[in-house]
Amino acid sequence: MEIVRAADATDDWREVLKWQGRLEELMAFIPEPPSDVSEQVLALFLEAHRKGVASTGSTEHALPMVALQTRRVALLGKMERFRDQGQAMCSIAQHLELLRKPEDAKQWYQRARKVGAAHGFFSVESQACEGLGKLLIKEGRTAEEGLDLLRNALAAASLSEDEHIFAEACILPTLIEALFTTNNAPDELETLVPRFRAAAKAESRKKKRLGFAEMRSLYLSARLHEARGRPHEAEREMRALLLLMRDNQAAVQDQI
Numbered sequence: 036m037e038i039v040r041a042a043d044a045t046d047d048w049r050e051v052l053k054w055q056g057r058l059e060e061l062m063a064f065i066p067e068p069p070s071d072v073s074e075q076v077l078a079l080f081l082e083a084h085r086k087g088v089a090s091t092g093s094t095e096h097a098l099p100m101v102a103l104q105t106r107r108v109a110l111l112g113k114m115e116r117f118r119d120q121g122q123a124m125c126s127i128a129q130h131l132e133l134l135r136k137p138e139d140a141k142q143w144y145q146r147a148r149k150v151g152a153a154h155g156f157f158s159v160e161s162q163a164c165e166g167l168g169k170l171l172i173k174e175g176r177t178a179e180e181g182l183d184l185l186r187n188a189l190a191a192a193s194l195s196e197d198e199h200i201f202a203e204a205c206i207l208p209t210l211i212e213a214l215f216t217t218n219n220a221p222d223e224l225e226t227l228v229p230r231f232r233a234a235a236k237a238e239s240r241k242k243k244r245l246g247f248a249e250m251r252s253l254y255l256s257a258r259l260h261e262a263r264g265r266p267h268e269a270e271r272e273m274r275a276l277l278l279l280m281r282d283n284q285a286a287v288q289d290q291i
């Protein structure tokens, strides 16, 4: 185990993954019952795969990450770490989406949603509803159900045990874009777009730098004005976006 930790300390993900073939041997050294040490072993390999994805952009890491997270889900359940368990389920679903297995992904999102609801973790319920909603909208034939799931995700985010502003700034543009795409609920957009502007600005203030969400909120605001026949307001928002980008060029470069 110390050898694996030393490999991780070098920040060389390839060195860590050389040891994954001996995972069972490593886990055998850890006494029962399940403990944080067991979870840390799995987390080391998961982090190495994440670095591999970031370094290579390859989806070849998705399948081993699904296997590791599936094992981690069972372990976290035994340890009664239900919030972490729900988040791991959502992670599995995301990897399955990369592997183009939407039906399997839906099942994991549904499992995560049940865990979040059963144990009162609104952040997990929100993440699961968002993932399910996006999948259903992508399919087209279940767009209205997808929109309802995104609305549920937003409602859960506002009750989240985490800082809900960040969750709202993530979910709101997804719901807004979906409403634009499906030509649904124009009056709802009149409420959601200003809410997104406020959440995005709050996120930038919290981070003390311009975030992508704030730029996107101005674009969506302009899009709403244009769709509702308010060209002057649309132009105003686009000018504000260009000024914001000009005055924060370093932050903009970081978003690219």
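Here my numbering runs 35 ahead of the position in the sequence shown, where the first position is 1. Don't be surprised by glycine CBs; every beta carbon is placed ideally from N, CA and C.
- In the three-state scheme derived from DSSP, where H, G and I count as helix and E and B as strand, N187 is classed as helix.
- Counting only residues of its own chain and dropping the five nearest sequence neighbours on each side, S239 has a CB closer than 6 Å to the CB of L245, G246 and E249.
- Spatial neighbours of I172 in its own chain (CB-CB distance under 6 Å, excluding positions within 5 residues in sequence) are listed in chain order as A178, G181 and A213.
- Within the same chain, L245 come within 6 Å of N283 by CB-CB distance, once the 5 residues on both sides are set aside.
- The beta carbons of Q120 and V108 sit closer together than 8 Å.
- With respect to K141, L170 sits close: the two C-beta atoms are nearer than 8 Å.
- A residue is called buried when at least 16 other Cβ atoms come within 10 angstroms of its Cβ; G264 does not meet this threshold and is exposed.
- E268 and A190 have their alpha carbons spaced roughly 29 Å apart.
- Residue range A97 to K113 is occupied by the alpha helix (DSSP H) that includes Q104.
- Taking 8 Å as the upper bound for CB-CB distance, A235 and A204 are in contact here, some 5 Å apart.
- When the beta-carbon positions are compared, F157 and G166 stay at least 8 Å from each other.
- Your pair I206 and V228 does not check out as a contact, with CB atoms roughly 14 Å apart and the cut at 8 Å.
- In this structure, W143 sits away from L133, with a CB-CB distance that is not shorter than 8 Å.
- Looking at the backbone, the Cα of R135 and that of A163 are separated by about 18 Å.
- Rounded to the nearest whole angstrom, the C-alpha separation of R274 and A202 is 27 Å.
- In this structure, L52 sits away from L77, with a CB-CB distance that is not shorter than 8 Å.
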